[in-house]
Every structure is written in structure tokens, then in C-alpha cells.
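Heads up, the thing below is written out as C-alpha cells.
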Amino acid sequence: QKTSQKHDNPGVGHANSPALKIHDEMRMLWEDHVSYTRSYMISAIADLPDAQAVADRLLQNQDQIGRAIEPYYGKPAGDKLAALLRDHILIAADVIKAAKAKDASLSSHQQRWTANGKDIAAFLSGANPKLKQAELESMMQALDPAVAWNHGERPFLREGAVLAIAIVTDEVECSVTTHLKRDRLAL
Numbered sequence: 191q192k193t194s195q196k197h198d199n200p201g202v203g204h205a206n207s208p209a210l211k212i213h214d215e216m217r218m219l220w221e222d223h224v225s226y227t228r229s230y231m232i233s234a235i236a237d238l239p240d241a242q243a244v245a246d247r248l249l250q251n252q253d254q255i256g257r258a259i260e261p262y263y264g265k266p267a268g269d270k271l272a273a274l275l276r277d278h279i280l281i282a283a284d285v286i287k288a289a290k291a292k293d294a295s296l297s298s299h300q301q302r303w304t305a306n307g308k309d310i311a312a313f314l315s316g317a318n319p320k321l322k323q324a325e326l327e328s329m330m331q332a333l334d335p336a337v338a339w340n341h342g343e344r345p346f347l348r349e350g351a352v353l354a355i356a357i358v359t360d361e362v363e364c365s366v367t368t369h370l371k372r373d374r375l376a377l
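If you want this note's numbering, it's the 1-based position in the sequence shown plus 190.
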């Protein structure tokens, strides 16, 4: 059961408002993104047999995110976002492979990943002025070994460190929805 909430934007609290529709759709798609990214990382690192199926589903999710913004920003913007996000996933796969193999190409892949993250941040902040490019870049590069916070006596990336991400929201209920469970079973 949905709980009606007061929002700053007129019409957002109404069940049929366009703003609520895109909010809910994007929330679902980004929940999928997080879930499939996590699943892919586990499968790829552990060499599980579902790694390719999970990767394919994760890449499909990037296309879905791109299509979701088309009614608001146009097809070229949707295609651009999908391409940037797909590149991000494909480069991340290269990072994982190189890290597992202790390959010298790891640094090169990490640099590509960082550059792609900056491209995504620039695109998103250019499309929506409420999204600040510097904040988006910082968020996307938390795990970049080249940034300042990953050097010194207590770097963010260090042996035994645990990454925990807390998302602060005005949502009443933030649990993973049942569609993820259905998709997972289909893999």
C-alpha cells in the first residue's frame, strides 16, 4: 500500500502524476542496477556459471534507464545515458578481470572507469541542474585508487575495509521490490 507524502513539487503526491510515475520508475530501475551490479560482481569474482547471464541482464538495465528518460529529455539523451552506463559496466568488468588476474592493465582500466564516471556526472548534471557535477563525481569515484582520499595513512581503500552505502531518502518504505526476486529466478 502506497503512503501519500507531501512533496515540494505540485502534483507529485497524486497517484497519477507524471512526476510520481517517473520517480517510481527510476527508483525501480536504479534498485535493479544496484542489485544486478552486486550480483554480477559476486558472480564474476567467484567465477560462477551465471556471470554472463547476470551481466547481460545488467546491461539490459542500462538500456531501460536510458529509455526511461526519453519522454523527458528526448531519445538522443536516453541513448547517450544508456551508452555511458553500458560503458561503465563493461569497463568495470575489465577492472574486475584485470584485478583478479593481477594484470598490469588494471591501472589503465581504472583510469578509463574514472573518465567514464566523470562523463556520466557531466551528462547528468547537464541534463538536470539540481544534480551537482562535483557531488556526482565524488560519489562515482569513491573506489578510485588515484584520488586523494585513497592515499596517506588511512586511505578509504585499504586491506580489511568495508564499503557501506547509506542512502538518505524521504521515502516511507525502501525495501527491494518483488520484481527483483522474479527476475533473479528467471536467470
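For each residue, glycine too, the CB sits at the ideal point set by N, CA and C.
Assignment of Ser298 by DSSP, reduced to helix, strand and coil, places it in the helix class. In this model, Leu248 and His341 are separated by some 32 Å (Cα to Cα). From the listed residues Ala245, Arg302, Lys265, the smallest Cα separation to Ile232 is found for Ala245. With the rule of 3 Cβ pairs closer than 8 Å, the stretch 262–272 does not count as touching the stretch 280–298. In this structure, the straight-line span from the alpha carbon of Glu343 to that of Ala336 is close to 15 Å. Where Gln242 is concerned, the enclosing alpha helix (DSSP H) starts and stops at 241–263. Gln331 and Gly307 do touch by the CB rule: their CB atoms are close to 6 Å apart, below 8 Å.
By the neighbour-count definition (other C-beta atoms within 10 Å, threshold 16), Asn318 is an exposed residue. Inclusion of Gln323 and Ala312 in the CB contact set at 8 Å is warranted, their separation being smaller than that value.
Annotation: Gln300 to Val285 spans about 6 Å, alpha carbon to alpha carbon.
By the criterion of a C-beta distance shorter than 7 Å, Ile259 is surrounded in its chain by Ala267, Gly268, Leu271, once the five residues flanking it on both sides are discounted. Pairing Ile212 with Asp293, the inter-Cα distance amounts to about 42 Å. Collapsing the DSSP output to three states places Val337 in coil.
If you check the CB distance, Ala305 and Leu296 do not come in under 8 Å. Between Asp253 and the set Lys287, Asp277, Ala236, the nearest pair of CA atoms involves Asp277.
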